[in-house]
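K.L.:
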Amino acid sequence: MKQTNVDAPVIALLAGEHSGDTLGSDLMRALRQLLPNCQFIGVGGPKMAAQGLTSLVPMEDLAVMGLAEVISSLPQLLRHRRTVVRQILAARPNVFIGIDAPDFNLPIEKKLKAAGIPTVHYVSPSVWAWRQGRIHGIKAATHHVLCLLPFEKAFYDQHQAPATFVGHPLADSLPILDSEVESVAKRQSAARRELGLVEDKRVVGLLPGSRAGEIARLAPIYLRAAALLNERDPTVQFVTPMVSAARREQFYALAKTLAPELPLTIIDGKAHTVIQASDAIIVTSGTVTLEAMLLGTPMVVAYNFSWLSFQLIRRLFKAPFFSLPNLLAQRELVRELVQHDVTPAALVAQVQVLLDQEQTPLRNEFRQLHALIQQNASASGAHVICDIIQKYSK
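Those letters in the sequence shown? Residues 1 to 394, per the numbering used here, in order.
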């Protein structure tokens with residue numbers, strides 16, 4: 001069955017969480033510039049609604065977190081998925097774009113592709129890192145994948161799966177910063193003023209993660225490392241951002257017990273400002289390592305998994321590094337400590353190197369990687385989608 005008129009295409013999108021709502025709204029804005037008469041249907045949040053999305057089901061009904069919540073919500077999730085598939089099949093859009101949320105979106109994409117509707121998945125699953133056999137399911141479900149990182153595109157090429165590297169939206173949202181010492185000092189001073197820190201004393205940021213389990217495993221080690229560093233140099237200030245009141249309370253209780261004399265400032269949110277204020281950070285592996293790279297802040301990256309998770313990861317994880325800066329650089333640009341190597345003494349040794357040595361060369365490499373992934377992701381993705389609409393609407 002033929003899709004809707006290409007001059008006024010119907011574009012279906014599905015975002016299952018708030019980060020996807022932001023990605024989706026930016027992509028919709030870019031698509032509207034190329035296709036002024038397009039119509040949007042699907043699932044999204046307030047940002048996508050503001051761009052004209054006609055919603056099929058509320059995004060909040062899909063955005064569940066945690067195993068218990070997923071299990072209790074499973075009947076509703078499956079019911080919503082059937083509703084979405086049924087309504088999209090009836091609408092016959094020119095293209096369907098699943099935004100992240102692969103466990104929810106890929107089964108939908110597979111059904112729609114089988115029915116002759118072009119499907120695009122925006123944000124590749126970490127298939128290059130673990131459970132690489134998933135690539136076969138992705139190929140079966142999608143006509144094209146929009147990748148945020150260049151090594152993802154290389155992985156898809158190896159498996160003859162259509163994909164385009166469009167760049168990373170986070171890199172688009174931040175300017176490429178001057179790495180000269182004077183410019184770095186000005187940015188640090190402004191951030192320190194905002195956080196109420198002493199401007200002319202060195203700052204080490206502690207970023208143990210946003211999940212309760214991460215804080216339980218890593219914050220005690222980070223705090224002991226900070227206490228050791230404080231013994232060596234009492235002038236160093238420490239600062240940590242917390243994502244919620246619950247995590248703040250959890251971290252504060254640990255700090256009060258393990259490092260009661262530490263000159264520590266706990267901040268509600270403002271991770272971006274904390275990173276910019278810091279001379280160096282101790283950070284748990286995740287997207288925050290990419291943000292730190294983009295902000296030009298030297299870092300030591302750590303991760304300590306639960307015993308069971310570590311046993312699985314040792315067998316299944318295929319990537320050479322955990323942190324995004326190292327994956328982008330294809331070498332250990334920043335120091336990574338994993339599992340038993342994450343000790344207070346090891347962290348102090350690495351942070352001391354960052355504090356004692358000139359970091360302009362590292363910041364220059366960060367700048368080069370920033371330029372690599374600053375590709376105007378929304379506009380790049382919109383052009384790919386327009387080409388797909390043209391191809392399959394003939």
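Backbone N, C-alpha and C fix where the C-beta goes; we use that ideal spot for every residue, glycine too. Every value quoted in this text rests on a predicted model; they were computed, and no experiment measured them.
Find the nearest neighbour of Val300 within the set Ile11, Ala15, Glu17 and Ala346, judged by alpha-carbon distance.
P.N.:
Here residue 300 is taken as the residue at index 300 of the sequence shown, counted from 1. The shortest C-alpha separation from Val300 is found at Ala346.
K.L.:
Secondary structure at Pro241, three-state DSSP: helix, strand or coil?
P.N.:
Position 241 of the sequence shown holds residue 241. Correct three-state label for Pro241: strand.
K.L.:
Given that a residue counts as buried once 16 or more other Cβ atoms are within 10 Å of its Cβ, and exposed if not, what is Asn326?
P.N.:
As a working mapping, residue 326 is identified with position 326 in the sequence shown. Result: buried.
K.L.:
Leaving out five residues on either side along the sequence, give the residues of the same chain with a beta carbon under 6 Å from the beta carbon of Gly98.
P.N.:
Translated into the one-based positions of the sequence shown, residue 98 becomes position 98. Leu14, Asn105, Glu109 and His121.
K.L.:
Just to confirm, are Thr240 and Ile266 a CB contact at a threshold of 8 Å?
P.N.:
Counted from its first residue, the sequence shown places residue 240 at position 240. Counted from its first residue, the sequence shown places residue 266 at position 266. Yes, the pair counts as a contact, with Cβ atoms nearer than the cut-off.
K.L.:
For a quick check, are the C-beta atoms of Leu53 and Gly42 less than 8 Å apart?
P.N.:
To locate residue 53, count along the sequence shown from 1; it is residue 53. To locate residue 42, count along the sequence shown from 1; it is residue 42. A contact, by the Cβ cut-off of 8 Å.
K.L.:
Give me the Cα-Cα distance between Gly133 and Pro260, rounded to the nearest whole angstrom.
P.N.:
For the purposes of this step, residue 133 is taken as residue 133 along the sequence shown, with counting starting at 1. For the purposes of this step, residue 260 is taken as residue 260 along the sequence shown, with counting starting at 1. Taking the straight line from one Cα to the other gives about 48 Å.
K.L.:
Look at the alpha carbon of Pro102 and the alpha carbon of Leu195, and state the distance between them as a whole number of angstroms.
P.N.:
Here the question's residue 102 lines up with position 102 in the sequence shown. Here the question's residue 195 lines up with position 195 in the sequence shown. Between Pro102 and Leu195, the C-alpha separation is close to 37 Å.
K.L.:
In this structure, how does DSSP classify Gln132 when only helix, strand and coil are distinguished?
P.N.:
On the sequence shown, position 132 is the one that residue 132 refers to. Looking at Gln132 - three-state DSSP - the assignment turns out to be coil, as it is neither helix nor strand.
K.L.:
Please report how far the alpha carbon of His80 lies from the alpha carbon of Val334, in whole angstroms.
P.N.:
Position 80 of the sequence shown holds residue 80. Position 334 of the sequence shown holds residue 334. In this structure, the alpha-carbon of His80 lies about 43 Å from that of Val334.
K.L.:
What do you get for Lys153, buried or exposed, if any count of 16 or more other CB atoms within 10 angstroms of its CB means buried?
P.N.:
Counting from one through the sequence shown, the residue named residue 153 turns up at place 153. So Lys153 counts as buried.
K.L.:
Is Met65 helix, strand or coil when you go by DSSP?
P.N.:
Translated into the one-based positions of the sequence shown, residue 65 becomes position 65. Any reading at Met65 needs caution, since the residue's pLDDT is 38, under 50, leaving its predicted position unreliable; the model's value is listed next. Correct three-state label for Met65: coil.
K.L.:
Helix, strand or coil for Ile117? Go by DSSP, reduced to three states.
P.N.:
Position 117 of the sequence shown, counting from 1, holds the residue named residue 117. Coil, per DSSP.
K.L.:
When you compare only the Cα positions, how much space is there between Leu354 and Gln276?
P.N.:
In the sequence shown, residue 354 corresponds to position 354, counting from 1. In the sequence shown, residue 276 corresponds to position 276, counting from 1. Straight-line Cα distance between these residues: approximately 15 Å.
K.L.:
Enumerate, from N- to C-terminal direction, the unbroken alpha helix (DSSP H) stretches of 4 or more residues contained entirely within the segment 316-376.
P.N.:
Qualifying alpha helix (DSSP H) stretches, in chain order: 324-329, 344-356 and 360-373.
K.L.:
Decide if Glu358 is buried, meaning its Cβ has at least 16 other Cβ atoms within 10 Å, or exposed.
P.N.:
As a first step, residue 358 is located in the sequence shown; it is residue number 358 there, counting from the start. Burial call: exposed.
K.L.:
Just to confirm the assignment, what range does the alpha helix (DSSP H) spanning Leu27 have?
P.N.:
The sequence position of residue 27 within the sequence shown is 27, counting from 1. Leu27 -> alpha helix (DSSP H) spans His18 to Leu34.
K.L.:
State buried or exposed for Ser278, treating a residue as buried only when at least 16 other CB atoms are found within 10 Å of its CB.
P.N.:
Working through the sequence shown from its first residue, we reach residue 278 at position 278. Buried.
K.L.:
How many Å lie between Glu69 and Val236 at the Cα?
P.N.:
Taking the sequence shown and counting its residues from 1, the one referred to as residue 69 is at position 69. Taking the sequence shown and counting its residues from 1, the one referred to as residue 236 is at position 236. Legend: pLDDT at Glu69 = 44, less than 50; position of this residue unreliable, value from coordinates given subsequently. Put simply, the backbone Cα of Glu69 is about 42 Å away from that of Val236.
K.L.:
Compare the Cα-Cα distances from Arg232 to each of Gln352, Phe165 and Asp178 and report the closest residue.
P.N.:
One-based indexing of the sequence shown puts residue 232 at position 232. Of the listed residues, the one whose Cα sits closest to Arg232 is Gln352.
K.L.:
Between Ala319 and the rest of its own chain, which residues show a CB-CB distance below 7 Å, the 5 nearest in sequence each way excluded?
P.N.:
Indexing the sequence shown from 1 puts residue 319 at position 319. So the qualifying residues of the chain are Trp128, Ala129 and Leu327.
K.L.:
Below 8 Å on the Cβ atoms is my guess for Glu332 versus Phe317; work out the distance and round it to an integer in Å.
P.N.:
What you label residue 332 is simply residue 332 of the sequence shown in a count that begins at 1. What you label residue 317 is simply residue 317 of the sequence shown in a count that begins at 1. Phe317 and Glu332 do not touch by the CB rule: their CB atoms are close to 16 Å apart, not below 8 Å.
K.L.:
When the Cα atoms are used, what is the spatial distance from Gly20 to Ser244?
P.N.:
The residue labelled residue 20 in the question sits at position 20 within the sequence shown. The residue labelled residue 244 in the question sits at position 244 within the sequence shown. Here the alpha carbons of Ser244 and Gly20 stand approximately 21 Å from one another.
K.L.:
In the structure shown, what three-state DSSP assignment does His144 receive?
P.N.:
Walking along the sequence shown from the start, residue 144 turns up at place 144. Three-state result, His144: strand.
K.L.:
Using the C-alpha atoms, what's the distance from Ser183 back to Leu27?
P.N.:
Within the sequence shown, residue 27 is the residue found at index 27, counting from 1. Within the sequence shown, residue 183 is the residue found at index 183, counting from 1. Between Leu27 and Ser183, the C-alpha separation is close to 33 Å.
K.L.:
Classify Lys391 as buried or exposed, calling it buried when 16 or more other Cβ atoms lie within 10 Å of its own Cβ.
P.N.:
Reading the sequence shown from its first residue, position 391 is the one you call residue 391. Exposed: under 16 other Cβ atoms inside 10 Å.
K.L.:
Can you give me the C-alpha to C-alpha distance between Gly66 and Ala171, rounded to a whole angstrom?
P.N.:
For the purposes of this step, residue 66 is taken as the residue at position 66 of the sequence shown. For the purposes of this step, residue 171 is taken as the residue at position 171 of the sequence shown. For Gly66, the pLDDT reaches just 40, beneath the cut-off of 50, and the residue's location in the model is therefore unreliable, although a value from the coordinates is still provided. Approximately 29 Å between the Cα atoms of the pair.
K.L.:
If you measure between the beta carbons of Leu223 and Leu177, is that distance less than 8 Å?
P.N.:
Residue numbering aside, residue 223 sits at position 223 when the sequence shown is read from its first letter. Residue numbering aside, residue 177 sits at position 177 when the sequence shown is read from its first letter. Not closer than 8 Å, so no.
K.L.:
Beta carbon of Ala161, beta carbon of Cys147: below 8 Å?
P.N.:
What you label residue 161 is simply residue 161 of the sequence shown in a count that begins at 1. What you label residue 147 is simply residue 147 of the sequence shown in a count that begins at 1. No, they are not a contact pair.
K.L.:
Could you pull the start and end residues of the beta strand (DSSP E) that Ala227 belongs to?
P.N.:
Residue numbering aside, residue 227 sits at position 227 when the sequence shown is read from its first letter. Careful: Ala227 lies outside any beta strand (DSSP E), inside the alpha helix (DSSP H) at Ala212 to Arg232.
K.L.:
Judging by CA-CA distance, which residue of Lys113, Ala246, Gly45 and Gln39 is the nearest neighbour of Gly24?
P.N.:
As a position in the sequence shown, residue 24 is number 24, starting the count at 1. Answer by Cα proximity: Gly45.
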